[in-house]
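These notes concern the structure reproduced below.
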Amino acid sequence: SCGGSHWLARKCTEFGHTAKLIPPQYVKPYVKTNKNDFIDADAIAEAASRPTMRFSSAKTESAQVISTIRKIRSGYIRERTACMNRIGSILLEFGISLPKGHASMKGLFQWLVDKNQNLPPLIIFELSELHEHYQNLNERIDSQADKVERILADNEQMKQLQSVPGIGPVIASACLSSVGNPNDFKNGRNFAAWIGLVPIQYSTGGKSTLLGISKRGNKELRTLFIHAARSILWRDKSVKKYLGSWLVELKKRKPFNVAVVALANKIARIAWAVLVSKKSFEIRT
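Numbering (UniProt numbering), first residue to last: 1 to 285.
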C-alpha cells in the first residue's frame, strides 16, 4: 500500500485479478537484509502468504477524489494556522499580544485601532498582506468543503452517517473517503482500534494492564471523532438523549477528556455499524 497502489489495484481487478494491499509496516519485518526491488518483492510475497496477515481494500476512484480534496483542505488549514502564528509573532515583537482565535484575527485592524496601537507603516503593510493571505485561505478551505458536499449531495451513506450524533458533513466525508470496505473490519471495536481509539494493552505474567489510547492508524479520523465527542459532551442536554445514562455517569466519575475518548470510541463503533448495515442511526427510547 503506497503511492499509486489503489490505482494499480483497480487496474489489476479490471483484468480479472484479485488485488490485495498490505500496509508497508506489516511487510518490513520480512525484509531480511538490504533493500532492493528483489528483496522487497520477496518480503511482500512472504507477508502475503501469512494466514494472519491484514490486508487493505483498494479505494474506488470517487473515494480517492474525495480523499484528495480533503487532503488539500487539510493543507490549507495547516497553512492558515502558520499564517495566524506568523501574524501573532510579528505583533509580539512590537509588544502587542493579540487574543487567540479566528474572531480576533478577522478583526485584526479594528482591534489595533481600538487599542490605539501604533506600528511602523512598513509593518502595517506586511500585516495587511498576511491578513489578506489569511482571508484567502479561509475562502479556499470553505471552497474545498463545498466541493466535497456537492460531490456527496446525493450519496445515501453520507446522509445515514450524519444521522449519528456529533457527525456532520466533514466526518461523514472523511469516513467515506478513508474506509474502502467497512466489512474489512470484523466488528466496531476493530474499526475503533484501526483509528487508534482503544487502550494500549501491556500484559505480562498473566497480569493485564491497560494504558492510554494507542493513537495508531488514521490520525485525521481519530481527531475528528474526538472533536465530535467533545461537542456532544459540552451540550449537557443532548448527552442522555442520544447515548443514555452510562455517559452521564461516566462524565461524573471520570475526567472530562477520558469521557471524551470513551464517547469518541462509541461514536466510531456506531459509524461502522451504519456503514455496514446501510441504515440510519435511530434513538431508542
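Every residue gets a Cβ at the ideal spot worked out from N, C-alpha and C, and that includes glycine.
Being a predicted model, the structure only gives us computed values, none of them experimental.
Asked, Found
"What three-state label does DSSP hand K207 in the structure shown?", "strand"
"Among the candidates I151, Q135, L91, C83, whose CA atom is the shortest distance from the CA of P120?", "L91"
"Looking at C-alpha atoms only, which residue of E93, I123, L127, E14 is the closest neighbour of L108?", "L127"
"Unbroken alpha helix (DSSP H) runs of length 4 or more, entirely within the UniProt domain \"Transposase IS116/IS110/IS902 C-terminal\" (159 to 242): which are they?", "169 to 178, 188 to 195, 219 to 234"
"Along the chain, where does the alpha helix (DSSP H) containing I87 start, and where does it finish?", "61 to 93"
"From D184 to S104, what does the alpha carbon distance come to, in whole angstroms?", "45 angstroms"
"Can you tell me where the alpha helix (DSSP H) holding R54 begins and where it ends?", "Per DSSP, R54 belongs to no alpha helix (DSSP H) and is neither H nor E."
"Whole angstroms is fine: what's the gap from N265's alpha carbon to S173's?", "18 angstroms"
"On a CA-only basis, which of W194, L211, V179, N34 is nearest Q201? Give me that one, please.", "L211"
"For a quick check, are the C-beta atoms of A47 and V31 less than 7 angstroms apart?", "no"
"Need the endpoints of the alpha helix (DSSP H) that C12 sits in, please.", "5 to 14"
"Mapping the DSSP letters down to three states, classify L119 as helix, strand or coil.", "coil"
"State buried or exposed for V261, treating a residue as buried only when at least 16 other CB atoms are found within 10 Å of its CB.", "buried"
"Could you spell out where the alpha helix (DSSP H) holding S245 opens and where it closes?", "245 to 253"
"List the endpoints of the continuous alpha helix (DSSP H) containing I283.", "I283 -> no alpha helix (DSSP H), and no H or E assigned at all."
"Helix, strand or coil: how does DSSP classify L98 here?", "coil"
"Output the distance between the C-alpha atoms of M158 and S49, rounded to the nearest integer angstrom.", "36 angstroms"
"Please return the same chain residues whose Cβ sits closer than 6 angstroms to the Cβ of A63, not counting the five positions on each side in sequence.", "S177"
"Could you round the C-beta distance between I167 and A228 to whole angstroms and report it? I think they count as a contact, below 8 angstroms.", "6 angstroms"
"On the DSSP bridge list, what partners appear for residue 358?", "Since the first and last residues shown for the chain are 1 and 285, residue 358 lies out of range."
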